[in-house]
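Only one structure is covered here, and it is reproduced in the block below.
Numbering (the numbering used here), first residue to last: 116 to 365.
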């Protein structure tokens with residue numbers, strides 16, 4: 116394990132202790148917190164090395180650069196929040212979608228705006244954003260499922276949101292991710308769920324209503340309903356009836 120790749124709070128504490136003169140790998144490894152504690156043996160191995168004065172000088176310089184970058188990020192984050200303050204209601208709507216943390220919601224809103232009247236349909240928005248795959252199959256011929264080029268920042272935020280939604284618990288988007296991942300792999304699943312998130316965002320921003328999840332068992336319910344319908348139709352046809360299914364009036 117490379118301690119330089121573990122710049123969490125625990126990693127910073129260990130590096131700070133090294134700079135201050137602590138050299139005992141067991142003492143240093145015990146500074147691990149949370150999930151890092153399961154890696155204490157590896158940390159002890161990583162920390163059992165010769166740490167000289169020039170190493171401390173380099174570590175201080177690197178930590179100073181990291182602190183400066185963190186300060187810049189905090190400053191820009193505050194400015195983004197200030198500029199998006201008039202759109203807080205829209206951000207609050209978007210974060211009701213699984214996988215959409217506040218920062219991703221802000222990126223999506225900055226790219227597509229809050230006024231959905233510019234896009235007559237959710238499909239038009241998805242096409243404009245480059246998140247609308249073309250037909251993959253027609254007349255037995257398979258075609259590329261690559262999406263068109265759109266805003267790279269929007270696409271990145273949607274794919275990250277799709278990945279996060281795929282890890283959510285008992286949600287429609289997680290179930291959708293599983294369905295596609297099993298057939299086409301994790302990357303295609305993330306893109307497809309990202310597309311669904313964009314479609315949902317259009318509806319939320321158009322109606323002002325928060326997200327209403329269909330549930331993690333949505334696809335199972337739909338399959339079971341269709342299978343039951345086929346069984347009932349088959350039974351009636353076996354009794355000599357001609358069955359024509361029509362949806363009931365709303």
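All C-beta atoms, glycine included, are put in the ideal place defined by N, C-alpha and C.
Selection from 273, 362, 292, 162 that minimises the alpha carbon distance to residue 333
For the options 273, 362, 292, 162, the alpha carbon positioned closest to that of residue 333 is the one of 292.
Short of 6 Å in beta carbon distance, which residues of its chain neighbour residue 282, apart from the five on each side in sequence? Order them along the chain.
The answer is none, since no qualifying residue turns up.
May I ask which residues mark the beginning and end of the alpha helix (DSSP H) holding residue 212?
Here residue 212 belongs to no alpha helix (DSSP H), and DSSP marks it neither H nor E.
The alpha helix (DSSP H) spanning residue 174 covers which residue range?
168-198 is the span of the alpha helix (DSSP H), which, as asked, contains residue 174.
Between residue 206 and residue 220, is the Cβ-Cβ spacing less than 7 Å?
Going by C-beta atoms, residue 206 is nearer than 7 Å to residue 220.
Classify residue 325 as buried or exposed, calling it buried when 16 or more other Cβ atoms lie within 10 Å of its own Cβ.
Exposed, since its Cβ has fewer than 16 Cβ neighbours within 10 Å.
Burial state of residue 212, where buried means 16 or more other Cβ atoms lie within 10 Å
Around the Cβ of residue 212, a 10 Å sphere holds 16 or more other Cβ atoms; the residue is buried.
Mapping the DSSP letters down to three states, classify residue 252 as helix, strand or coil.
Summary for residue 252: the model assigns pLDDT 37, below 50, so the residue's position carries little reliability, and this model does not support an answer.
Just reading off the alpha helix (DSSP H) that residue 297 is part of, what are its end residues?
Element bounds for residue 297: 287-299.
With DSSP collapsed to three states, give me the class of residue 360.
The DSSP-derived three-state label of residue 360 is coil.
Assuming contact is defined by CB atoms lying nearer than 7 Å, are residue 231 and residue 313 in contact in what I supplied?
No, the Cβ-Cβ distance between residue 231 and residue 313 is not below 7 Å.
Residues near residue 155 in its chain [Cβ-Cβ closer than 8 Å; skip 5 each side]
So the list reads 144, 145, 147, once near-sequence residues are dropped.
Which whole-angstrom value is the C-beta distance of residue 331 and residue 285, which I expect to be below 8 Å?
Going by Cβ atoms, the distance from residue 331 to residue 285 rounds to 4 Å, so yes, they are a contact pair.
Please report the residue range of the alpha helix (DSSP H) in which residue 334 lies.
Its alpha helix (DSSP H) spans residues 333-353.
Could you check which residue in 125, 131, 171, 173 has the C-alpha nearest to that of residue 152?
Just measuring C-alpha positions, the residue of 125, 131, 171, 173 sitting nearest residue 152 is 125.
Assuming the contact rule is C-beta atoms closer than 8 Å, residue 308 and residue 277 should be a hit. Round their C-beta distance to whole Å, please.
Sure, about 4 Å apart at Cβ, within 8 Å.
Take residue 159 as the anchor and find which of 139, 176, 171, 174 has the nearest alpha-carbon.
The shortest C-alpha separation from residue 159 is found at 139.
Can you round the beta-carbon distance between residue 382 and residue 209 to whole angstroms, since I take them to be within the 8 Å contact cut?
This structure cannot speak to residue 382, because the chain is shown only from 116 to 365.
With C-beta atoms as the reference, is residue 226 less than 7 Å away from residue 266?
In this structure, residue 266 lies closer than 7 Å to residue 226 by Cβ.
Among 353, 172, 123, 162, which has the Cα closest to the Cα of residue 149?
Taking residue 149 as reference, the option from 353, 172, 123, 162 with the minimal CA-CA separation is 123.
Looking at residue 305 and residue 274, is the spacing between their C-beta atoms short of 7 Å?
For residue 274 and residue 305, yes; Cβs fall inside 7 Å.
Please state the DSSP three-state secondary structure of residue 329.
Three-state result, residue 329: coil.
Answer with buried or exposed for residue 310, where buried requires no fewer than 16 other C-beta atoms within 10 angstroms of its C-beta.
Per the 10 Å Cβ criterion, buried.
Apart from the five residues just before and just after residue 254, which ones in its own chain have a Cβ nearer than 8 Å to its Cβ?
Legend: pLDDT at residue 254 = 37, less than 50; position of this residue unreliable, value from coordinates given subsequently. Spatial neighbours of residue 254 in its own chain (CB-CB distance under 8 Å, excluding positions within 5 residues in sequence) are not present.
Assuming contact is defined by CB atoms lying nearer than 7 Å, are residue 223 and residue 174 in contact in what I supplied?
By the CB criterion at 7 Å, residue 223 and residue 174 fall outside the cutoff.
For residue 269 versus residue 244, is the C-beta spacing smaller than 7 Å?
The Cβ-Cβ distance between residue 269 and residue 244 falls below 7 Å.
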